[in-house]
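A.B. asks: In order, the protein sequences belong to chains A and B. Residues 63 to 326 (the numbering used here) are what the first sequence spells out, left to right. Residues 312 to 527 (the numbering used here) are what the second sequence spells out, left to right. Where a beta carbon is used, it is the ideal one built from N, C-alpha and C, also for glycine. Have a look at this one.
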Amino acid sequence: MKREGFAALGAEMAKDLDRRVIPRVVPVDAFPRTSRTARARAARSPRPVTIALVAVAVAAAFFIGLSIPRRDVVRPDTAAFAPRTAGSVPREAIASAPPSATGTASTAPLSSLPSLPSPSAAPTQEASAKPARESWLETADSDALFMESQRARSANDPLRARAALLALRRRFPGDSRASAAAFTLGAIASDNAHDASEALEWFKTYLHEAPDGALAREATGRAMELSHSLGRSADARKFAASYLIHYRGGPQTEQATQIFNEQE
Amino acid sequence: VATLLPFQRPSRQGEPAPASARRHIESGDDALCALARDGDHAARSEIFVRYKLPIARTIAAIIGPDAEAEDLVHETFLRAFDRLDDVESAARLGSWLRAFAVFVSREWLRKKARRRWLLFADVPESPAPSLADGMRDAVRDAFTVLDKLPVDERTAFSLRYVEGLEIEELALAMDMSVSTAKRRLRAAEERFQTLAVTRPSLREYVRSTRDAGGEP
């Protein structure tokens, strides 16, 4: 043993800290994630003239709208064409498959998801469509799954979007869109299912897989909000600190500052 | 946002980050300091990436295996970035940041000491399982003994023996004269020996230190 006494003891303590604390403190390299243009855009505030013009335009449109007599239009069955609202989606169904802690794709059985009833479809058609859709999810390529998720989100159908995104992550974990799918799954869990815990896990998964991704700022902000709402103040403070270091000037800077200072 | 910016910047787990993500990766500390003073976030992030590991080691050495270490690393950088005008020379950015980390850690230890009476008992975390049994006991006992030292003495002892700083570096990091730093260290060694001698796992270290004539 080269070193004696306290020097040897201190060296062992340093080794112990290196094994236990340092990997926890410095988990991943954090890189700047906002472009110069994005920062400039975020920092720029609208001019008073622009605000006045917009206000005038809105007021004019409002009065013009009032002055035009409404026509009685005979519409077809509006219920059949109404988009599905978030309230019509059972929360338990969306939140049935939380992501794993390691950030890998969820392996929730797709059969656990409820079918997607079409207002005009007969029950027999619905029953036959369900296995067909499931088999399609198992055979479609990554581009088709991605497009399906986009279409479903545009149609306000979070269940269908979620199933496509889960299939994309499970079957194509190396695909370049797999990590961004985690972000979208977090958004669906948060905005449609209102399941903060699952959403938080998905945003963490995204940040783990794509710390320099295009959505990292939004993921950090959302993770901060969700941790705070769940009462996980330590986590919320870490996300707030990360936000302030990397995205100071971003849209959630004020909130991050507030959360960071809460426990001072 | 997910609809507007769906999948612009794909990234895979384990894939190295693109060089464009770190725009100042080639810049020296002087250029980084100048840019960071002007509020350049990329420069600040680069400083963080460059110095987070040594700063984390310094903080961990002072406060020990505490879960708050991560918070203190972030806090050090956040507070340091607001005081970048105080950096006299960019060549000393590393030592200036370390002094800041020492300041933040000492402040945290003082707060912890004030809060201690509220706690029933401190339960020390077990050392890493990869250490030998005897060594694990010694490391755990050493951190327990350090917890009983006054903040300044604990900081001096940790920086000298755990972090391995020379006495001049220690004085700079603690913002005190070399002679004051020596006095603090001597007091810390004596108090540590008094407390450690009752613990079997630390007796050998105390004995060999005494045999060597105190502070090496």
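1. Output needed for A:ALA298: all residues of its chain with C-beta closer than 7 Å, excluding positions within five of it in sequence on either side, in chain order.
2. Any beta carbon of chain A sitting closer than 8 Å to that of B:GLU535?
3. State the CB to CB distance for the pair A:ALA223 and A:ALA214, rounded to an integer number of angstroms; the pair is presumed to be in contact (CB under 8 Å).
4. Just checking: is the beta-carbon of A:MET75 within a distance shorter than 8 Å of some beta-carbon in chain B?
5. Less than 8 Å between the beta carbons of A:PHE265 and A:ALA281, yes or no?
6. Have a look at B:ALA523 and B:ASP397 and give me their C-alpha separation to the nearest angstrom.
7. Report the CB separation of A:MET75 from B:VAL450 in whole angstroms; it is logged as a contact under 8 Å.
8. Residues of chain A with CB under 7 Å from B:SER519, in chain order?
9. If you reduce the DSSP assignment to three classes, tell me which class B:LEU476 lands in.
10. Helix, strand or coil: which one does DSSP assign to A:ARG239?
11. For a contact meaning CB atoms closer than 9 Å, what does A:GLY72 contact in chain B?
12. For B:VAL489, report the span of its alpha helix (DSSP H) as first-last.
13. Indicate whether B:VAL489 and B:ALA482 have their beta-carbon atoms separated by less than 8 Å.
14. Relative to the C-alpha of B:SER512, which residue among B:GLY339, B:TRP419, B:ARG502, B:MET446 is closest?
15. Quick one: which chain A residues come within Cβ less than 8 Å of B:ASP382?
16. Answer with buried or exposed for A:ALA117, where buried requires no fewer than 16 other C-beta atoms within 10 angstroms of its C-beta.
17. If we define contact as Cβ-Cβ less than 8 Å, is B:SER356 a contact residue for chain A?
18. Starting from the beta carbon of A:VAL83, find every residue of chain B whose beta carbon is closer than 7 Å, and list them in chain order.
19. Excluding five sequence neighbours on each side, which residues of the same chain lie with their C-beta closer than 7 Å to the C-beta of B:PHE503?
20. Return the chain-ordered list of same chain residues with a C-beta closer than 8 Å to the C-beta of A:LEU207, the five sequence neighbours on each side being excluded.
21. Can you find a CB in chain A that lies within less than 8 Å of the CB of B:ARG368?
22. Determine the DSSP secondary structure at A:GLY311, reduced to helix, strand or coil.
23. Please tell me whether A:LEU306 has its Cβ less than 8 Å away from any Cβ of chain B.
24. Look at the alpha carbon of B:ASP377 and the alpha carbon of B:ALA371, and state the distance between them as a whole number of angstroms.
25. Cβ of B:MET446 less than 8 Å from any chain A Cβ?
C.D. replies: According to the structure data:
1. MET286, SER289, HIS290, ILE321
2. Residue 535 of chain B cannot be examined here, being either before or after the span of chain B that is shown, 312 to 527.
3. 4 Å
4. Yes, its Cβ sits closer than 8 Å to a Cβ of chain B.
5. Cβ atoms of A:PHE265 and A:ALA281: closer than 8 Å.
6. C-alpha separation (whole angstroms): 41 Å.
7. Their Cβ separation, rounded to whole angstroms, is 5 Å, which keeps A:MET75 and B:VAL450 in contact under 8 Å.
8. GLU66, GLY67
9. B:LEU476 falls in the coil class under three-state DSSP.
10. coil
11. Residues of chain B passing the Cβ test: ALA372, ALA453, PHE468, SER469, ARG471, TYR472, VAL473, GLU474, GLY475.
12. 489-507
13. Taking 8 Å as the cut-off, the Cβ atoms of B:VAL489 and B:ALA482 count as close.
14. B:MET446
15. Going along chain A in sequence order, the residues near B:ASP382 (Cβ under 8 Å) are ALA296, ARG299, LYS300, ALA303.
16. exposed
17. So, interface residue.
18. ALA371, PRO376, ALA380
19. So the list reads VAL456, LEU460, PHE468, once near-sequence residues are dropped.
20. LEU199, ALA226, LEU227, ALA229, LEU230, ARG233, PHE234
21. yes
22. In this structure, A:GLY311 counts as coil in the three-state DSSP scheme.
23. yes
24. 8 Å
25. yes
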